[in-house]
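In terms of my numbering, the sequence shown has 1053 at position 11, counting the first letter as 1, and numbering is strictly consecutive. Note that beta-carbon positions come from the ideal geometry of N, C-alpha and C, so glycine has one too. To start, the structure itself, in structure tokens.
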Amino acid sequence: MKKNHINRKILSLIIITGSLISALCLSGCSKKEDSKKEGSEIDGIISNMTMDEKISQMIIPAIRTWDGENVTDIDDNPELRAALQKHQYCGVILYGSNIIDNEQVYNLVKDLQDNNKQSDNVSVHIPYIMPLDEEGGIVVRLTSGTRMTGNMAIGATTDAEGNALKTGEIIGEELAALGFNTDFAPDIDVNNNPSNPVIGTRSFSDDPEVVAKLGKSFADGLKEKNIIATYKHYPGHGDTETDSHIGTPSVEKTYDEIKEVELVPFKEAINNGADMIMTAHITYPLIDDEVTFGDGVTKGYYPATMSRKMITDILRDDLGFNGVVVTDALEMEAIRTAGLVKGEEGTVEYGINVAREVINAGVDILLIPTDLNNEDAAAYYDDYINGISELVKSGEISSKRIDESVRRILVMKNKYHIFDIDGGSIDESEGKTNSENHIEEVGSKAHHEDEMEIARKAITLLKNDEDLIPLAQDKKDIVFLGRQKNDSCTINYAIDEMKKEGLISEDSNISVEYYYDSSADVKLNYTDDMKNKISSADIVIAFSYASGSAFYDKENPQYIALHSALKDVHDNGGKFILLSENLPYDAAVYSDADGIVLSYMGSGLNIDPTDKTSDGVSKGAINANIIAAIETIFGYNKPNGKLPVNVPELTELEDGTYGFGSNYLYERGSGLLTE
């Protein structure tokens, strides 16, 4: 009896275990079968596509203007409509010149997709990916949307992962509401060079592990709204002193070195299922192979965008990325004017030869080979696509290489319900949030409240001699020294709000001055009248914008004006507060300031926060960071931010110029609290 009882238990256990194994097998088999079916159907679609359709599917043009006029409605541009219908492009990217307001851009995106459906004599209509450079902070295209705080401000907050996720969700929701399905974000460059002119506050931190975590959270927020996230700029643009828009940056690091820093966020993104990665036009001489440029004489190195070693050997093989690789814009100077291949600058020959190297490197999408802005540009694209087709015929680009890219693109479009592989149409029932009913979400009151909350949490108090901040009520003579007159919208708004809160007395003498005029021949505007006001002030709150290396150049108008103001106010017993608008490295330039407040974003100060529609929706992408910084100075907000990067000491070099040293004046994690 006892033995039979045990046998029955064993038999039951075997049956249960078998059932579980079967269930797991069925689940796994089902996923494999689905994947196999998807692959088979996509391969079938590709086999029926012409070479023109395949190559077009690897191209995203921009349509900023047509014959010199901004493109905001393609019904006004029949020639543009025809040019777009001629090829089955992967997508179309929009810029600020294409955007007036929410309803207009919603209609433009919808019309572009509808126009694409009208193409004649195609094997299948494949909807566009509609990307936008909407990083938040200093890089936004939705001028009527919610700017958010920018990545470095997120990195300064205590709950940085939560705030990165929230930012991704808000940006994703606004993009989806207007019909976009792709964001060229997040930026996961590690900003480990204080003189970087192009990344700066677009980076979360100079700590690669922090950047990796926050990049993932931001991307997760986008994915929640069915927006394709694009991690950029591989292999890393954070340690450069040249902007690839205007030149070719070079990073003198070995492969082992970039594996420890630059590649860390990209490896993490890949491990977490990244769908798309954007390349950088940066050379790596200590890693890559030397090539001969287009003149047949000059030796050098291709930017990563054109490098098989960087794209296939490292990104694909070593890091294991099987998703879509998109170039940064090929119209940028680092590619367009660098003489990298045969052909005169701006010619189709040059563009085709660049495309050959880019495609053979392992890249899938060619972003903006040229602006599609007139009939000549439309003809350029005809010749460009035909020229690449000829390279395939000649064997200089393999047809297999083309099919690989098209397959990756279609898999991604199918995954995000952009393209239904069964019928080739947009699926309106699943994963879509972009409809006219959601337009009011763009720039909504709720989104701006979340933006303001994150901005307040980001503000970092780096120096506070004699507990100067928050300012005492007896400080009656206060001068705001803004950079330029356009800053007045945000500064005056914040002053008015502080007066409403009783933090600035009505009998205080508040003066707002501006020391920089970008339109004048002489940029410096530090007048005698301004000097007199500053010399007699109790407090000077001076705005500084740091980016690149100009901000610590002794001849720079900002350097001259702020050091003059610093001396004048101290000579007369007043106090000087530095309000760092952008990168925090200016804390080392004005280290004699009595107080230093970091805000991490200097864009959008010209947008009036009170300018709203009757529904309370903001008409412009405001700057919440500066408002939060001014609130902090006057005590409305308590600073909780922590410095997300190290700030090196500024040292004088042998030639009399300044540079950053190896010692840190303020270390990552620094940040003071107030009572």
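* Nearest to I1356 by alpha carbon, out of V1405, G1342, F1335? -> V1405
Next item on the list: Rank G1362, F1335, A1195, L1328 by C-alpha distance to the C-alpha of F1308 and give the top, closest one.
Entry: G1362
| task | Please name the residue in D1085, T1114, I1116, L1126 whose C-alpha comes closest to that of A1421. | result | L1126
Exercise. Determine the contact status of Y1148 and G1221, defining contact as a CB-CB distance below 7 Å.
Key: yes
Which residue comes first and which comes last in the beta strand (DSSP E) that contains I1270? 1270-1276
Review point. Distance, Cα to Cα, S1656 vs R1378?
Key: So the alpha carbons of these two residues sit roughly 46 Å apart.
Give the single residue among Q1160, N1163, I1669 whose Cα lies nearest to the Cα of T1652.
I1669
> Of the choices S1622, D1634, G1204, V1339, whose alpha-carbon is the least far from that of S1606?
Replying inline: D1634
### Task
With a threshold of 16 other CB atoms inside 10 Å of the CB of D1636, please say whether the residue is buried or exposed.
buried
- Integer Cβ distance of V1166 from I1087, believed to fall under 8 Å: 6 Å
* Closer than 6 Å by C-beta to N1144: which residues in its own chain qualify, once you throw out the five before and the five after it? Chain order, please. => S1186, I1481, V1484
Pull up the distance between the alpha-carbon of L1707 and that of T1693, whole angstroms please.
11 Å
* Closest to E1038 by CA distance: which of G1524, V1687, Q1155, V1339 is it? -> Outside the displayed span of the chain (1043 to 1717) sits residue 1038, for which this structure offers no information.
Q: Answer with buried or exposed for I1063, where buried requires no fewer than 16 other C-beta atoms within 10 angstroms of its C-beta.
A: Because I1063 carries a pLDDT of 49, less than 50, the predicted location of this residue cannot be relied on, and no value is offered for it.
What's the C-alpha gap between K1274 and D1516?
-> Whole-angstrom Cα-Cα distance: 49 Å.
Review point. Do L1154 and V1134 have their CB atoms nearer than 7 Å?
Key: yes
query: CA-CA distance, I1171 and L1695?
result: 50 Å
ask   = According to DSSP, what are the bridge partners of T1325?
value = S1292
Thinking A1104 and L1414 are a contact (beta carbons under 8 Å), I'd like their distance in whole angstroms, please. Distance from A1104 to L1414 at the Cβ level is roughly 7 Å; contact confirmed, criterion being Cβ atoms closer than 8 Å.
Use the C-beta contact count for D1492: other C-beta atoms within 10 angstroms, 16 or more gives buried, fewer gives exposed. buried
If you draw a straight line from the alpha carbon of N1705 to that of K1684, how long is it in whole angstroms?
19 Å
Exposed or buried, what is S1477 when buried is set at 16 or more other beta-carbons lying within 10 Å of its beta-carbon?
Note that S1477 has pLDDT 47, beneath the 50 cutoff, so the model's placement of it is unreliable and the number below is only indicative. It is exposed - the Cβ of S1477 has fewer than 16 other Cβ atoms within 10 Å.
Sequence-distant residues of the same chain with beta carbon closer than 7 Å to S1431, five excluded per side: M1093, D1094, I1097
DSSP state of K1654, grouped into three classes? strand
Q. Do you know offhand how far E1304's Cα is from Y1594's?
A. 26 Å
Practice task
Take K1025 as the anchor and find which of D1229, I1583, L1256, A1218 has the nearest alpha-carbon.
Solution key: No information on residue 1025 is available, as it lies outside the stretch 1043 to 1717 that the chain covers here.
What residues are listed by DSSP as bridge partners for Y1678?
-> Answer by DSSP bridge pairing: none, since Y1678 is not bridged.
Is N1090 helix, strand or coil when you go by DSSP? In the structure shown, N1090 sits in a helix (DSSP, three-state: H, G or I).
Quick check: the Cα distance between G1646 and N1238, rounded to an integer number of angstroms?
21 Å
Bounding residues of the alpha helix (DSSP H) (the contiguous stretch that carries N1149)
1144-1159
I need the boundaries of the alpha helix (DSSP H) containing P1599, first residue and last residue.
1599-1613
Compute the beta-carbon to beta-carbon distance between Y1587 and G1644, rounded to the nearest angstrom, for a pair I have assumed lies under 8 Å. 5 Å
message = Just to confirm my understanding: we take L1545, look at its own chain, exclude 5 residues before and 5 after, and list those with CB closer than 7 Å. What are they?
response = F1676, G1677, Y1678
- Which whole-angstrom value is the C-beta distance of P1686 and M1194, which I expect to be below 8 Å? 6 Å
- request: Just tell me which of E1299, L1256, E1446 has its CA closest to the CA of T1354.
  value: Selected option, being the one with the closest Cα: E1446.
A1488, buried or exposed, once every other Cβ within 10 Å from all chains shown has been counted against 16
exposed
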